[in-house]
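Beneath this line is the structure, given in structure tokens, with notes to follow.
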Amino acid sequence: MANEFQERKTGSAYAFWNKLTLRDALYLGFCAVFIVITRAALRLHLSVPGHAMFFTIFFLVLGRACVPGTGAASLVGFVAGLLSMLLGMGKGGPLAVLKFVLPGLVVDAGGIVCPQFSASYAACIGVGAIASATRFITFFLVDWLIGMEQEVILQHVIIASAMNTLFGALGAALIPSIVRRLKIHQLIP
Amino acid sequence: MARLKTYKESLLRQPTGHAYQFRATDSPIHRLGAGWKVAIGCLLSVAAFAAREPWVLAGLLLLNAFYYFLARLKLADFWRDTRFFAVQMIIIVSLYLLRFGVADGLWPGARTALQILLFFVPGVVLLRTTQTREMAQGLRRVLSPRMSFVVFSSLRFVPFFARELREITMAQRLRGAPLNFPRCIYPWNWKDVFHCLAIPLIVRALKTAHDAALSAEARGFGRQTSCESRVPGRLLPQRQENSSSNAEKSPF
């Protein structure tokens, strides 16, 4: 099946979208579906803050690892955001899309800096931690627009995003072993 | 018949199971278009950012409460939707109290926490009162056909993959994999869970993506660059050429 997936060089996101085959696009959409399903399954049973980032980062990085190209993780994030909005799973309504797209953009940026990052544990953990820390940006933006004191903003966003970062790094740490197994079985290029 | 009607009414009276889930009832907000609800939500959220004075905040709080309860949502729904913010409010007020003390920190802390709540409430009303179908119709106008296809195909496959996940879990448990619920909830067991579930699920996703793409392409929906192949008269001669060239090559 690896041969069926079109290999492409890392280019701009626009070029990626134009060259993306329907099969790859659907596969990325399915990664987004897995994010939504795992979030839905866990929110019924768990109340650990930030745990949903584990699966979000896992499937974002997996999408980027299986479909190499700048924009793959962002596409997964965008579709996951739209799906969670359509299924009524985000408290921010349309803002939920931003919550998924920002980590996707960071994963894509990680792919530009280090195209083979999905094979390395250290790179995956680093990218996963930075990507999940983007929750910091959304918290910061909301707090700043509301006019909170800077010191309190900093403390609040650190408390709110620390667990996200931890779970995101853990989720990304599982990627190299899974990608290796998929490559051994020639399921991905 | 009367019992059925009573049962239906009792179902409508019940608060929905999860936070932010669509509540099936009839209200002026439900009848409003999704675009209008997004516009009202944006206005109310911007107003929440701009509000600083107590009387403005009080007015905005009343307006949001009116908007929420006009949608015939119950207090139980409100609690489900906003209980997450209760934790946030406690954290924010505590931080302000620690930083500025009770006298100087209580009002700014409470004001900020209330502003955050008021910022998110309109989005909650949008989710509570808008069906997936309505939102999808709105999205179709904004997204490109190809992106729409990906998004709505993915939406269509949500129950399919949920079922697949259940079946894979069942199959792995029958093979002796430790996938019982008490083990699964602890993060230190997630690596084992992932190796039992993720690989079969990914393989299934790759195969389903391949089949779905093939099916869509067979119906004339394919890559943007291959639009020419969708012209009906174009496909047939190419096939004939291919079949004739194959016939020439074929020893039979």
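Chain order of the listed sequences is A and B. Each position in the first sequence, counted from 1, maps to that position plus 40 in the numbering used here. Each position in the second sequence, counted from 1, maps to that position plus 1 in the numbering used here. Positions of the beta carbon are idealized from the N, C-alpha and C atoms, including for glycine. Being a predicted model, the structure only gives us computed values, none of them experimental.
Opening and closing residue of the alpha helix (DSSP H) in which residue i lies
i: B/R164; result: P146 to L175
i: B/P179; result: Careful: B/P179 lies outside any alpha helix (DSSP H) and carries neither H nor E.
i: A/Y161; result: Y161 to S172
i: A/T205; result: Q190 to A213
i: A/P290; result: An answer regarding residue 290 of chain A cannot be provided, because it is not within the stretch 41 to 229 covered by chain A.
i: A/G151; result: A136 to V153
i: A/R175; result: R175 to I186
i: B/L198; result: W191 to A219
i: B/T133; result: T133 to V143
Residue i vs residue j beta-carbon contact at 8 angstroms
i: B/A72; j: B/I41; result: no
i: B/G106; j: B/R100; result: yes
i: B/M136; j: A/L126; result: yes
i: A/D183; j: A/I193; result: yes
i: A/A136; j: B/V151; result: no
i: A/L145; j: A/V76; result: no
i: A/V12; j: B/F158; result: There is simply no residue 12 of chain A to check, as chain A begins at 41 and stops at 229 in what is shown.
i: A/H196; j: B/L119; result: no
i: A/S201; j: A/F176; result: yes
i: A/L62; j: B/A217; result: yes
i: A/M93; j: A/N204; result: yes
i: A/A213; j: A/I152; result: no
i: B/Y21; j: B/V125; result: yes
i: B/L207; j: B/Q173; result: no
i: B/G177; j: B/A35; result: no
Residues near residue i in its chain [Cβ-Cβ closer than 8 angstroms; skip 5 each side]
i: A/W57; result: G111 and L115
i: B/D27; result: R73
i: B/T226; result: Confidence at B/T226 is low in this model, with a pLDDT of 46, below 50, so its placement is unreliable and the value that follows should be read with caution. Here the set comprises nothing.
i: B/L98; result: G106, L107 and G110
i: A/V107; result: F45, L60, D64, Y67 and L68
i: B/F161; result: T209
Sequence-distant residues of the same chain with beta carbon closer than 7 angstroms to residue i, five excluded per side
i: B/V122; result: N65 and Y69
i: A/T78; result: F95
i: B/L127; result: K38, V39 and G42
i: B/V232; result: Here the model assigns B/V232 a pLDDT of 36, short of 50, so the residue's position is not dependable, and the following value carries that caveat. Cβ neighbours of B/V232 beyond the five flanking positions: none.
i: A/C71; result: F99, L102, G103 and V116
i: B/R205; result: E165
i: A/V29; result: In the structure as shown, chain A starts at 41 and stops at 229, and residue 29 of chain A therefore has no counterpart that could be examined.
i: B/T83; result: L118
i: B/A132; result: Note on identity: in this sequence residue 132 of chain B is Gln, with Ala being the wrong assignment. The answer, listed in chain order, is F23.
i: A/T174; result: L142, P143 and V146
i: A/I97; result: P143, G168, A171, S172, G208, G211 and A212
i: B/F222; result: F150
i: B/A213; result: S154
i: B/R167; result: none
Residues near residue i by beta carbon distance below 6 angstroms, same chain, minus five either side
i: A/Y67; result: none
i: A/L222; result: I228
i: A/G150; result: F157 and V167
i: B/T254; result: Residue 254 of chain B lies beyond the residue range present for chain B, which begins at 2 and ends at 253; the question has no answer from this structure.
i: B/M1; result: Given a span of 2 to 253 for chain B in the structure shown, any question on residue 1 of chain B remains unanswerable.
i: A/C154; result: A163
i: B/Q116; result: A49
i: B/A52; result: L58 and L61
i: B/C228; result: Any reading at B/C228 must be qualified, since the residue scores a pLDDT of 39, below 50, and its modelled position is unreliable; no value is offered.
i: B/S155; result: none
i: B/T190; result: For the sequence presented, residue 190 of chain B should be read as Asn rather than Thr. Answer for B/N190: R184, listed in chain order.
i: A/F140; result: G117, A120 and G121
i: B/V103; result: none
i: A/G90; result: M203, N204 and F207
i: B/F86; result: L118
i: B/R141; result: S149
i: B/L45; result: P123
i: B/I93; result: G110, T113 and A114
8 angstroms contact criterion, which residue i and residue j should meet: CB distance rounded
i: B/V194; j: B/L175; result: Wrong, their Cβ atoms sit about 16 angstroms apart, outside the cutoff.
i: A/A209; j: A/A159; result: Their Cβ separation, rounded to whole angstroms, is 17 angstroms, which puts A/A209 and A/A159 out of contact at 8 angstroms.
i: B/I169; j: B/L215; result: Actually they do not touch by this definition, with Cβ atoms about 23 angstroms apart.
What ranges does the alpha helix (DSSP H) occupy inside the region 15-78 of chain B, keeping only unbroken runs of at least 4 residues that lie completely in it? 29-32, 35-51 and 55-71
Those runs of the alpha helix (DSSP H) which lie wholly inside the region 85-118 of chain A and span at least 4 residues: 92-106
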